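Take a look at the structure below.
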Amino acid sequence: SVQNTAQAQTPQTTAATAPTQIPPAEPPKPQIGDKVGFIQLPPKPKPGDKVGSIKLPPRPQPKQQQSQKQKQEKQKTQKTQQQQQQKSQPQQVKQQPQQKQQQPKTQPQPKAAVPSRSPKQQPAQPPSTQTKQTPTVTQKPQPSATQPATQKKDTPLKPQIIVPPENAELISMKPPIIVRQLAEKMRRKPFQLIADLIELGVFANVNQAIEESVAQRLCAKHGFRFELEKRERGAGLVHGPPIKKVELDKDDKPEDMKPRPPVVTIMGHVDHGKTTLLDAIRKSNVAANEAGGITQHIGAYTIMIPHPDRPQEMQQITFLDTPGHEAFSAMRARGANVTDIVILVVSAIDGVQPQTVEAIRHAQAAKVTIMVAINKCDHPQADPMKVRKQLQEYGLLCEEWGGNTVFVEVSALTRKGIDKLLELLVLQAEVLELKANPNRKAKGNVIESGITPGGPTATLLVRKGTLKRGDVVLCGQYFGRARALMNEEGQQLKEAGPSIAVRMLGLNGVPEAGEEFVVVDNEKIARELAEKKAEELKQIASDKKPRVTLENLFETIKAESLKVLKVVVKADTQGSVEAIVDALKKIESKKVSLEIIHYAVGTVTESDVLLASASNAIILGFHTRVDHSAAETAKREGVQIKLYSIIYELIEEVKLAMAGLLEPVIKEVSLGTAEVRKIFTLSKGGNVAGCMVTNGRITKGKVRVLRNNAVIYEGNIQSLRRFQDEVSEVRAGMECGIRIDGFSSFNEGDIIESYTVEKIVQSL
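Just so we're aligned, residue 21 is where the sequence shown starts under the numbering used here, counting upward by one.
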């Protein structure tokens, strides 16, 4: 009742006391330049000034003589106009706070914040109660506290005010939305989008991904419409290599396809730092374990790194480290055919080399995405720009020059650029949308194979399905039950999913590297399929044998006149055997032929020695050992066994052995001549020719006697004397006595020529 009485008396009291009571009730206004909390107030805009992109309309100045009832009616009119403006023109939302600040200080502030459910209740609340209360200072900011609430709600909508026309150009992209790629679609410079992103409060570089809503705002600002394109399954930007054509078969359903880790192959020229780069990624010392610092086998390694955009999520990557020199062309080709992304390592010092070009050709033929890592950038002589220019000739144009190939400058020793390389690698893998079905029988490829004390082993890369311990694996003509699955660190695994490489024990033989493996139901089926495959291989081998015809018979007879070096090659892995055989076949010689009578994986056995003994061959072992019985048999049979750990040394010694089979070239070198001036007959028989050395020197050795420019005798000097002394040689201008073994029919005027014979080793 008291409150109602106060409300009833409010209009008269307000009208009577408004001119005198209102000014003292107002809180002290902060002046321009004063600090309010942590904020320094900007100059107050005047009516007609332009604030941002909005020009404030002139405001009506309140008069002191105006009645409170007129003020309230004016406030109602302003609120009605503001509500209509909010509905019709959203851009005028920004004017509302300014208009409310221009209203008289005595308006009922709490009610002004709520756009009234019943406008009739507003004049019922006396403004004098607001002015007389001491918490006026705390109540006055209430509109500014409630009004910003509406502003915060409208702030996310502020970028959406710019609506592009319906007929604007549509930009459609697939996730992730990379800033650089979006700039290319919009035909804008990347730095322009970076500046726009900063205005939106988004900080990203040109290689980072942004959200769909941010991309829509950017496109709308430049007059484009943006739409996120939904990928169809199998419609990746980069088509997979031919080996992936079987990744979708009758056992796979679209709903079963799950994302899988990428398989990355590191390629490049020898000694450009491929293994050291992988070592920096794995943070372990791999290169130190390689003979001569050269990678001898394909290594498969799986690592876990944090996702660049989602640090709480771990990303799995499988790396294949292929050897760099030309002898391992076949191994490198297999590596390119089972990979998703190729990291091409090029030295910033040496630039593009022959094996670099070969690696590019392998990757391009397999239609694999290539990323370039310019290594050794910490060296003073590093020239990354030269590498970019050289690779441009092979179709690898960097993004800075308008291409689509990612170039990263790294240093494997100092780890410079490694994090950036991994970040771009993960983003590239997301673009490819790699998927496989893990809920099926495993299928994949053999990366490497060999023999260990535990039996034949094979490094398997699972492409689809899950390989489990105890599965029956069929691989070409060999099969077996997976007795053990181990990772690169030797740890036992129970299973291996898609894109995971494991070393398996349990096969009954050494399969070919690159051979496809599958998991079958039982050993009976595996045995039947393996025997069938073995028969097919035998038939193919027999078809390759040439038939004896008259033409190739003459070629055989001609070939038998050539020198032949026969060798037996044994190595620890199938990849090494193939690499050595290919390198030996590349040795060209028209004088000596090289015949590889046998090559296989494993240790040097007694049967190898007996085969070499029967064929007069030598045994070449690479990263293998010799059985005790084989060593005794080789000593007894006189068979030479040479063991190597670096392939270059093996090839060079084979070349020397081939050259050693060639008979040396005999070359005569004339030393000097002497003319017979007088003949002396000895009492014991025989004649001595008294001579004058006319040219060069006469040595005690081979001579020939010439008469009338015709050779009448060849032999050796029996005695060479000057006066009474026996000498070994006589120089030009001196006299000497010469006695030739087996010849005494000298005539005055005969010429005695002294010469020597040299044997020159032939080259291949």
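Heads up, the beta-carbon is just placed ideally off N, CA and C, and yes, glycines get one too. Predicted model, so just to flag it, every value in this text is computed and none were measured.
Rounded separation between residue i and residue j - CA only
i    : j    : result
Q559 : S633 : 29 Å
F339 : I545 : 33 Å
P458 : K484 : 6 Å
R489 : A462 : 11 Å
N736 : T719 : 10 Å
I607 : Q782 : 16 Å
V366 : L441 : 14 Å
V183 : Q228 : 26 Å
F211 : H242 : 14 Å
E543 : G529 : 15 Å
N424 : T389 : 10 Å
R645 : K303 : 32 Å
E652 : I471 : 22 Å
L190 : R237 : 13 Å
L505 : G526 : 10 Å
E555 : D370 : 49 Å
A449 : Q98  : 58 Å
L433 : K396 : 8 Å
Q101 : L444 : 54 Å
I699 : E755 : 13 Å
A215 : P328 : 22 Å
8 Å contact criterion, which residue i and residue j should meet: CB distance rounded
i    : j    : result
V725 : F763 : 7 Å
S774 : G721 : 7 Å
R717 : D770 : Between D770 and R717 the Cβ distance is about 18 Å, and since that is not below 8 Å, they are no contact.
L676 : K662 : Their Cβ separation, rounded to whole angstroms, is 11 Å, which puts L676 and K662 out of contact at 8 Å.
Y414 : I438 : No, Y414 and I438 are not in contact; Cβ-Cβ is about 25 Å, not under 8 Å.
M277 : A456 : 7 Å
V674 : V629 : The Cβ separation is near 19 Å, so there is no contact.
For residue i, the three-state DSSP class (helix, strand or coil)
i    : result
C239 : helix
Y786 : The chain is shown from 21 up to 784; residue 786 falls before or after that span and cannot be answered.
T776 : strand
K552 : helix
A215 : helix
L454 : coil
D602 : helix
G534 : coil
I20  : This structure gives no information on residue 20, because the portion of the chain shown stretches from 21 to 784.
E420 : helix
D745 : strand
H618 : strand
L513 : coil
G705 : coil
S609 : coil
A595 : One detail in the question is off: residue 595 reads as Gly in this sequence, not Ala. If DSSP states are grouped into helix, strand and coil, G595 belongs with the helices.
A402 : coil
Q228 : coil
M334 : strand
S783 : coil
E768 : coil
S349 : Confidence at S349 is low in this model, with a pLDDT of 49, below 50, so its placement is unreliable and the value that follows should be read with caution. Of the three classes helix, strand and coil, the one that applies to S349 here is helix, per DSSP.
Residue nearest to residue i in terms of C-alpha spacing, selected from the options
i    : options                   : result
A502 : D647, V538 and I214       : V538
F642 : A694, V587 and M678       : V587
E683 : L663, S649 and E778       : E778
G692 : V597, I772, I638 and R742 : I772
T322 : T479, L248, A235 and D398 : T479
D272 : Y414, R460 and V407       : R460
T359 : D491, D299, E249 and A521 : A521
Limits of the alpha helix (DSSP H) - the one that residue i falls within
i    : result
T434 : Careful: T434 lies outside any alpha helix (DSSP H) and carries neither H nor E.
I380 : P374 to A385
A462 : Note, A462: premise wrong, no alpha helix (DSSP H); not H, not E.
K294 : K294 to R302
A203 : V199 to M206
I286 : Per DSSP, I286 belongs to no alpha helix (DSSP H); it is in the beta strand (DSSP E), V283 to G288.
I671 : I667 to L681
K720 : Counting along the chain, K720 falls outside any alpha helix (DSSP H), and DSSP gives it neither H nor E.
R656 : H648 to E657
A632 : E626 to S635
Range covered by the beta strand (DSSP E) that runs through residue i
i    : result
G500 : Y498 to M506
P476 : G475 to K484
I390 : T389 to N395
R759 : E755 to I760
K662 : I661 to Y664
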